[in-house]
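Residue numbers (the working numbering): -18 to 396. Using N, Cα and C, we set each Cβ at its ideal position, and we do this for glycine too.
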Amino acid sequence: MNRKNTPKLRFKEFEKADPWEQRKLGEISNKVTKKNQDAVVDEVFTNSAEFGIISQRDFFEKDIANAENIDGYYVVEPDDFVYNPRISATAPFGPIKRNKLERTGAMSPLYYVFRPYDIDLSYLEWYFQTTCWHSFMRFNGNSGARSDRFAITDKIFNEMPISMPQDIVEQKLIGTFLTKLESLITLHQRKYEKLKKVKNAYLDEMFPKNGERFPKRRFPGFTDPWEQRKLGEVSERVQGNDGRMDLPTLTISAANGWMSQEDRFSGNIAGKEQKNYTLLHKGELSYNHGNSKLAKYGTVFSLESYEEALVPRVYHSFRMIDADASFIEYYFSTKIPDRELAKLISSGARMDGLLNISFDEFMGIKINLPSIQEQQKISYYLRQLDNLITLHQRELDKLKKLKAAYLDAMFVGGK
-18 MNRKNTPKLR
-8 FKEFEKADPW
2 EQRKLGEISN
12 KVTKKNQDAV
22 VDEVFTNSAE
32 FGIISQRDFF
42 EKDIANAENI
52 DGYYVVEPDD
62 FVYNPRISAT
72 APFGPIKRNK
82 LERTGAMSPL
92 YYVFRPYDID
102 LSYLEWYFQT
112 TCWHSFMRFN
122 GNSGARSDRF
132 AITDKIFNEM
142 PISMPQDIVE
152 QKLIGTFLTK
162 LESLITLHQR
172 KYEKLKKVKN
182 AYLDEMFPKN
192 GERFPKRRFP
202 GFTDPWEQRK
212 LGEVSERVQG
222 NDGRMDLPTL
232 TISAANGWMS
242 QEDRFSGNIA
252 GKEQKNYTLL
262 HKGELSYNHG
272 NSKLAKYGTV
282 FSLESYEEAL
292 VPRVYHSFRM
302 IDADASFIEY
312 YFSTKIPDRE
322 LAKLISSGAR
332 MDGLLNISFD
342 EFMGIKINLP
352 SIQEQQKISY
362 YLRQLDNLIT
372 LHQRELDKLK
382 KLKAAYLDAM
392 FVGGK
């Protein structure tokens, strides 16, 4: 049996079934040409590579199209498919999406709207989430005069080959399976986002705001006011190394904390400068005083996942002598110290992107501290919450990789 047009992975009951057939898009769909006469349909849709078919007012938070000009727009019914020729990093040939809003809308004539038949709609929807149709687009169209739009004629677009199981039951099985997997991913995504919101809420309530001495939320048994101290009064500097250059070489990412330079930069960028790096031990901290979109005044992280590591000398590294290191990390993550740090910046960022904050100036900032017991209670709770968030993130990443693998193995076509 010819297996050329057979996917790598099939459901057990179809393992010995006939190879898939190939149909042209124009053989299983009709172009939608109905115009929105007299602007009867007043809701305008747009096609987003990330969100699919969505109301324009939801996507842009306002109506972009002029209500007086939408009578020339196409009328898009539920389950119609729409090709948007606008290209992006996630849609190099433009996205093809299905209208799953369960209502009718109007769409710009710049889009190509089509109504499929003789094929399971869920199967076709998932087919367009693969790269199976990309090679056809690559060889039959171009980016045209505008670099942000892909140019292909309607006639050629309808020549696109679609590989599909001959049995509609197999089509439905594929569509249903992937839809259930996507629902599971969405469920995990919501849990993950909810946990992050919970953490942010706790960070907001468990630390007193500037000028205050009592947080909104405390553990039972703690009632004393927090004490204001200078950072340098409860910590001491960490600098130098003992000559060992075979230790992990790390860098700080505002989004991810400590990362190996190999992971962050696809290689060790320390070079000859590594001999001047600082040896950091578990529980010691570094302040990366580089500004970024996520951390305008830099960020502080405690070394937790390594016993020892080498870190850039330009970081202000320190150890706590009268405070809990993890608590200090979380304290800085609240952005409460940003007000103090902002006062220290004399002339913005240097050419290397670092803020003009010396180590002594950094040690001079004022922070609010509860008793060491309360610090440890707070940091332990937040660390456990972080571990739970990481667990959900890993589970989410695993499911997304699984989905990508299934999309690659369950369909046939050019890549």
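Rounded straight-line distance, which links the Cα of residue j to that of residue i
| i | j | result |
| --- | --- | --- |
| D244 | T280 | 19 Å |
| Y312 | P318 | 8 Å |
| R84 | I34 | 11 Å |
| G202 | L388 | 54 Å |
| E208 | Q374 | 36 Å |
| P59 | S128 | 31 Å |
| L366 | L184 | 11 Å |
| F340 | R294 | 11 Å |
| E288 | A87 | 60 Å |
| S36 | G394 | 32 Å |
| N191 | N349 | 9 Å |
| G264 | G238 | 14 Å |
| F246 | D135 | 43 Å |
| V22 | L154 | 35 Å |
| T112 | K274 | 33 Å |
| V150 | K(-3) | 15 Å |
| L82 | W114 | 25 Å |
| G252 | S241 | 14 Å |
| K(-7) | D19 | 53 Å |
| Q147 | T232 | 54 Å |
| V94 | S10 | 10 Å |
| L377 | Q110 | 19 Å |
| S352 | I166 | 42 Å |
| N297 | D61 | Correcting the residue identity first, residue 297 is His in this sequence and not Asn. Straight-line Cα distance between these residues: approximately 58 Å. |
| T160 | K379 | 17 Å |
| F200 | F282 | 24 Å |
| K(-15) | R4 | 15 Å |
| E106 | N337 | 53 Å |
| K15 | E24 | 15 Å |
| D39 | S286 | 42 Å |
| P206 | K347 | 15 Å |
| A386 | F158 | 13 Å |
| G213 | T204 | 25 Å |
Coil, strand or helix - residue i by DSSP
| i | result |
| --- | --- |
| E217 | strand |
| K(-15) | coil |
| W239 | strand |
| T280 | strand |
| K381 | helix |
| T111 | coil |
| R300 | strand |
| M88 | strand |
| A(-2) | coil |
| I260 | The sequence shown places Leu at residue 260, not Ile. The answer is strand: DSSP assigns L260 an E or B state. |
| Y268 | strand |
| Q147 | coil |
| Y387 | helix |
| T82 | Reading off the sequence shown, one finds Leu at residue 82, where the question assumed Thr. The answer is coil: DSSP assigns L82 none of H, G, I, E or B. |
| F40 | helix |
Inter-residue CB distance, residue i and residue j (contact presumed, cutoff 8 Å)
| i | j | result |
| --- | --- | --- |
| A323 | Y278 | 6 Å |
| P66 | M391 | Actually they do not touch by this definition, with Cβ atoms about 27 Å apart. |
| M145 | I100 | 6 Å |
| G221 | L260 | 7 Å |
| H270 | L335 | 5 Å |
| Y55 | P90 | 6 Å |
Cβ-Cβ distance between residue i and residue j below 7 Å
| i | j | result |
| --- | --- | --- |
| L162 | K384 | yes |
| L291 | Y258 | yes |
| A304 | V215 | yes |
| R96 | V13 | yes |
| N28 | I51 | no |
| Y104 | Q152 | yes |
| I68 | F138 | no |
| E342 | L325 | yes |
| K211 | G345 | yes |
| V57 | F32 | no |
| L363 | A306 | no |
| I143 | L(-10) | no |
| T315 | F188 | yes |
| E217 | R300 | yes |
| I77 | Y98 | no |
Neighbour flag for residue i against chain C, beta carbons, 7 Å
| i | result |
| --- | --- |
| E217 | The displayed structure is made up of one protein chain only, and chain C is not part of it. |
Would the region 214 to 227 and the region 176 to 196 be scored as touching if the rule is three or more Cβ pairs under 8 Å?
Too few Cβ pairs lie closer than 8 Å, so no.
Does the region 160 to 172 come close enough to the region 117 to 133 that 3 or more CB-CB pairs lie under 8 Å?
no
Are there three or more Cβ pairs, one per stretch, closer than 8 Å when the region 178 to 186 is compared with the region 363 to 381?
Touching, yes, given that three or more Cβ pairs across the two stretches are closer than 8 Å.
With three or more beta-carbon pairs closer than 8 Å as the criterion, would you say the region 346 to 361 touches the region 59 to 76?
The region 346 to 361 makes no contact with the region 59 to 76; the number of CB pairs closer than 8 Å stays below 3.
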